[in-house]
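Undergrad: Per the numbering used here, the very first residue in the sequence shown carries number 1364; after that it's consecutive.
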Amino acid sequence: MKRFSFFLFSTTLLLGCSKTPEKQAELAVQDFVRNRVSDAKNYFPGKFRFRPYTKRDSLLYLAEMARINNLPAPPTPTVRDSVRIGTLVYHNYRDEMRNGVSVQDSGEYVVRPNGTVRMLIAESLRRKRLPK
């Protein structure tokens, strides 16, 4: 009985320590941004918002970018393309330059299940650049 109790306790403890997909995405984005700001120690993360990211979302993003750049469009999304391929993360942060200037910035990132982070062009900028 003691062995079973110990096993049950150990399993519960290990499962409780695993990070949620959102927490993993948050840490991956923080790492990504920290490596690209003026000085890593002057990066101050703000809020994070998460949304599932599907292949359909990816194809729609590529279609918008193709229209902006006058390139051929990718294939039209289908029902099969509704499979989740990552997490879309909206993140705002503050970056202080070495000269003391503080900059507020934000970004949209896709975090794949393997931890790869890809920065997207913000939707507001894409909307402005789309041909009328």
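Note that the Cβ used here is the ideal one computed from N, Cα and C, for glycine as well.
Keeping to the same chain, check which residues put their C-beta closer than 6 angstroms to that of residue 1414; ignore five residues upstream and five downstream.
TA: 1451, listed in sequence order.
Undergrad: Got a sec? Which residues, its chain only, sit under 6 angstroms from residue 1449 by beta carbon, not counting five neighbours each side?
TA: Within the same chain, residue 1449 has close Cβ partners 1416, 1473, 1474 and 1475.
Undergrad: For a minimum of 4 consecutive residues, which ranges assigned as the alpha helix (DSSP H) are wholly contained in the segment 1375-1460?
TA: As far as the segment 1375-1460 is concerned, its whole alpha helix (DSSP H) runs of at least 4 residues are 1384-1397 and 1418-1431.
Undergrad: For residue 1395, I'd like the list of residues in its chain whose CB is within less than 7 angstroms of its CB, leaving aside the five on either flank, ordered along the chain.
TA: Closer than 7 angstroms at Cβ, skipping near neighbours: 1472 and 1480.
Undergrad: Indicate the three-state DSSP secondary structure (helix, strand or coil) for residue 1493 in the structure shown.
TA: Reduced to three states, the DSSP call for residue 1493 is coil.
Undergrad: On a Cα-Cα basis, can you pick out the residue from 1440, 1430 and 1456 that is closest to residue 1468?
TA: Comparing Cα-Cα distances from residue 1468 to each of 1440, 1430 and 1456, the minimum goes to 1456.
Undergrad: Ignore the nearest five residues each way along the sequence and tell me which others in residue 1383's own chain have a CB closer than 6 angstroms to its CB.
TA: Cβ within range, chain order: n/a, list empty.
Undergrad: Starting from residue 1464, trace the beta strand (DSSP E) both ways and give me its first and last residue.
TA: That residue, residue 1464, is in no beta strand (DSSP E); it is neither H nor E in DSSP.
Undergrad: What number of angstroms, rounded off, separates the C-alpha of residue 1426 from the C-alpha of residue 1446?
TA: Going by the C-alpha atoms only, they are around 18 angstroms apart.
Undergrad: Give me the Cα-Cα distance between residue 1423 and residue 1440, rounded to the nearest whole angstrom.
TA: Their backbone Cα atoms lie some 7 angstroms apart in a straight line.
Undergrad: Thinking just about the alpha-carbon of each residue, which of 1462, 1478, 1458 and 1453 is nearest to the one in residue 1470?
TA: The option with the nearest alpha carbon to residue 1470 is 1453.
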